[in-house]
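Here's the structure, in structure tokens; my notes come after.
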Amino acid sequence: MAPSICWFSNDLRLDDQPSWRAACERGEPVIALYVWDPEGEGDWAPGGASRWWLHWSLGSLDASMRALGGRLVIREGPRAAVLRAMAAETGADTVYANERFEPAARASNAAAQRELAKAGVGVVWANGSLLHDPWSLRTGTGVPYKVYTPFSKAWRARCQLDAARGAPRTVPWFGGALASASIESLGLQPSKPWDGAFHALWTPGEVGAKERLKAFLAGPVSVYSEGRDFPSQPAASRLSPHVHAGELSPRRIWHEAERAASAQPAWRGTIDKFQAELLWRDFAHHVLANFPHTAERPLQPAFEAFPWHDDRQALRRWQRGQTGYPIVDAGMRELWATGTMHNRVRMVVSSFLVKHLRQHWRHGAHWFWDTLLDADLSSNSLGWQWSAGCGADAAPYFRIFNPVLQGEKFDADGVYVRRWVPELSQLPNKLIHKPWEAPTAVLAAAGVVLGETYPRPIVDHATARDAALRALSAIKAPAS
DNA sequence: TTTTGAGTTGTTCGA
DNA sequence: GTCGAACAACTCAAA
């Protein structure tokens with residue numbers, strides 16, 4: 158019988174990996190293949206931070222396979238051509254792969270499948286990245302959901318979650334010699350070294366992912382529901398980059414969380430909250446898969462006419478964490494230094510960009526895409542459109558975060574700001590989120606010179622808020 | 001078809 | 001300082 162190819166993409170794991178299991182269980186020789194094909198991702202080729210992660214995650218997967226007596230074969234080029242060539246080279250007649258749901262990836266995967274069919278090679282698709290496929294859940298009238306709550310209710314009522322299945326015990330490795338590109342040759346590492354702090358914070362790969370999940374469910378999850386809004390508390394799971402790379406299956410996470418809840422009944426509520434985030438992730442994929450234009454354009458058509466500003470200088474100051482609003486700057490600097498940003502702060506900085514600076518949400522989406530280790534097209538698009546008020550379940554027009562109040566509420570002791578904006582660290586708690594209100598003597602004592610050691614606010618909150626509200630009313634009720 | 005209740009994460013103002 | 005209401009009107013989803 159002919160060998161088969163297991164084609165890896167955003168599923169860089171062996172545990173609960175349906176296409177890997179299917180390929181191994183077929184019993185014929187298996188080739189484990191990763192194809193580096195950024196062009197197949199359309200306008201959303203992996204950003205810098207995602208590439209950094211991918212580099213190490215591929216290494217981890219290859220190491221796991223070598224420990225099992227095999228290896229990961231890596232090739233570069235258009236997926237259709239690479240897969241077809243590999244099939245021709247090995248005589249493989251079947252490709253096993255997990256589906257992708259982002260519009261460009263879906264299209265190029267479909268094209269690859271057609272190309273393979275011409276050569277008599279079949280593709281067997283599985284879903285390894287979502288709890289549930291994004292197509293079958295529909296409202297009573299048969300259309301996709303646009304609101305999270307009914308989506309989640311329908312999910313809980315109608316979706317059965319299969320058990321997670323461990324890695325296959327034996328792998329019938331393909332015996333022939335196959336050329337493989339080295340991971341280094343893919344050029345995934347940054348040319349300028351901005352990833353200095355990453356290694357201390359992250360362990361890309363399935364092993365690190367499992368450890369982090371275990372550690373999270375052993376303790377921090379118990380305070381997740383109350384603590385997750387406070388950026389200086391260690392209550393976040395920090396699993397998202399692992400999930401994005403596919404090093405953990407969402408199904409595995411769900412079941413492990415369920416197990417923790419059974420062992421600790423008092424944690425039921427907080428674990429519900431945590432599991433709901435997995436449903437949000439599914440919801441984001443549901444929205445992008447069914448409304449494929451929403452990576453670029455607003456779900457709500459009225460927002461096509463929104464009067465965005467185009468101020469490169471302001472955008473740059475936002476990106477660099479130089480807006481003069483400490484909580485915003487702390488978040489943007491955390492992002493740059495660590496490849497992540499606390500969720501609460503993501504909302505604050507995105508609201509600030511689209512409401513206070515009135516820069517198009519796409520600018521923010523692109524910056525996050527390049528700098529976030531967990532950059533996920535579905536979640537990123539949903540999140541930015543939510544912040545801008547133009548997407549599914551969007552924030553109401555009047556919900557404009559006040560960066561001072563957000564700081565005072567969620568970083569009352571200033572621990573988060575002091576960590577990321579050290580030039581303000583000597584200010585007292587009462588002023589750390591609004592240094593421009595500090596008396597001269599206090600500023601001097603703290604070694605702060607506004608406009609020199611730390612910027613003055615780029616915009617006045619009240620003024621910017623009013624302008625944003627006016628802009629929003631303009632697209633809802635155009636002046637006649 | 002029409003109606004009804006609701007909509008992740010907020011702020012401001014006036015009492 | 002605390003508290004409740006207002007902040008548009010619309011869209012979504014289900015009854």
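Per this note's numbering: the first sequence = residues 158 to 637.
Backbone N, C-alpha and C define an ideal beta-carbon position, used for all residues, glycine too.
The C-alpha of residue 348 lies about 16 angstroms from the C-alpha of residue 213. Only residues of its own chain outside the window of five on either side were considered, and among them 575 have a CB closer than 6 angstroms to the CB of residue 582, listed in chain order. For the region 201-229, the full-length alpha helix (DSSP H) segments reaching 4 residues or more read 205-224 along the chain.
Residue state for residue 536 is assigned as helix, using DSSP reduced to three classes. The residue from 597, 421, 411 with its alpha-carbon nearest to that of residue 433 is 411. Taking a contact to require three or more Cβ pairs closer than 8 angstroms, the region 286-301 and the region 174-186 do not qualify as touching. Of the residues assessed, residue 606 falls on the exposed side of the cut-off, its CB having fewer than 16 other CB atoms within 10 angstroms. Residue 246 has its alpha-carbon roughly 17 angstroms from the corresponding atom of residue 269. The DSSP-derived three-state label of residue 330 is strand. Residue 255: not part of any alpha helix (DSSP H); member of the beta strand (DSSP E) spanning 251-255, first to last residue.
Counted as a single uninterrupted DSSP element, the beta strand (DSSP E) harbouring residue 283 occupies residues 279-283. If you draw a straight line from the Cα of residue 218 to the Cα of residue 169, it comes to about 6 angstroms.
Cα atoms of residue 516 and residue 387: separation of roughly 26 angstroms, rounded to the nearest angstrom.
Residue 309 holds the alpha-carbon nearest to the alpha-carbon of residue 440 among 309, 458, 488.
Fewer than three beta-carbon pairs drawn from the region 354-365 and the region 325-334 are found closer than 8 angstroms, and the two stretches are therefore not classed as touching. Here the C-alpha atom of residue 189 lies approximately 12 angstroms from the C-alpha atom of residue 221. Rounded to whole angstroms, residue 385 and residue 278 show a C-alpha spacing of 48 angstroms.
Nearest in C-alpha terms to residue 509, of all of 610, 621, 259, is 621.
Within the DSSP bridge table, the entry for residue 161 names 187, 251 as partners.
If the five residues before and after residue 352 are omitted, its C-beta is found closer than 7 angstroms to the C-beta atoms of 209, all from its own chain and listed in chain order. Separation of the CB atoms of residue 255 and residue 166 is rounded to 7 angstroms, and the pair is thereby assigned contact status at 8 angstroms. Within 10 angstroms of the beta-carbon of residue 474 lie 16 or more other beta-carbons, which makes it buried. The residue among 365, 482, 178, 237 with its C-alpha nearest the C-alpha of residue 594 is 482. Per the Cβ contact rule, the region 228-238 is not in contact with the region 539-557 (fewer than 3 Cβ pairs under 8 angstroms). Annotated as proximal: residue 292 and residue 446, with beta-carbon spacing under 8 angstroms. Counting only the Cα atoms, residue 163 lies some 15 angstroms from residue 403.
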